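Remarks on the structure that follows.
Here you go:
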């Protein structure tokens, strides 16, 4: 049986059987060949994308768990606000009616001020 000796450090010498050394070098060559394969590159790219999406999903789930969804659910959405604005709750006023309401409102303010000054 033939052995191959290598230096593994300043004072360490390791001896392994030649058959095992040959198997290790063939295994290393196979891994190098595997890394040059376009199929492996495609699989690695798919795995990287899968891992990115998994991380994104976990992050999104963590953010969702941290949010107070009861408070957020109580706030109306933009679509709901837009729908509410589109619905007329009272008939439109004429310019004359608007002026009359404004005059009456100012008259109430003036009356309130007058009562405050009299007191």
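In the working numbering, the protein residues as written are 1 to 119. Every residue, glycine too, gets a C-beta built ideally from N, C-alpha and C. Here the structure is a predicted model, which means the values were calculated and not measured.
Three-state class that DSSP yields for residue i in the structure shown
i: residue 15; result: strand
i: residue 38; result: helix
i: residue 25; result: helix
i: residue 110; result: helix
i: residue 67; result: coil
i: residue 90; result: coil
i: residue 95; result: helix
i: residue 119; result: coil
i: residue 55; result: helix
i: residue 75; result: coil
Same chain, Cβ closer than 6 Å to residue i, neighbours up to 5 away in sequence not counted
i: residue 43; result: none
i: residue 90; result: none
Other residues of its chain near residue i: CB distance less than 7 Å, five sequence neighbours each side excluded
i: residue 77; result: none
Proximity test, residue i beta-carbon vs the ligand NAP heavy atom, cut-off 7 Å
i: residue 88; result: Inclusion of the ligand NAP in the displayed structure is not the case, the ligand content being empty and no account of it being possible.
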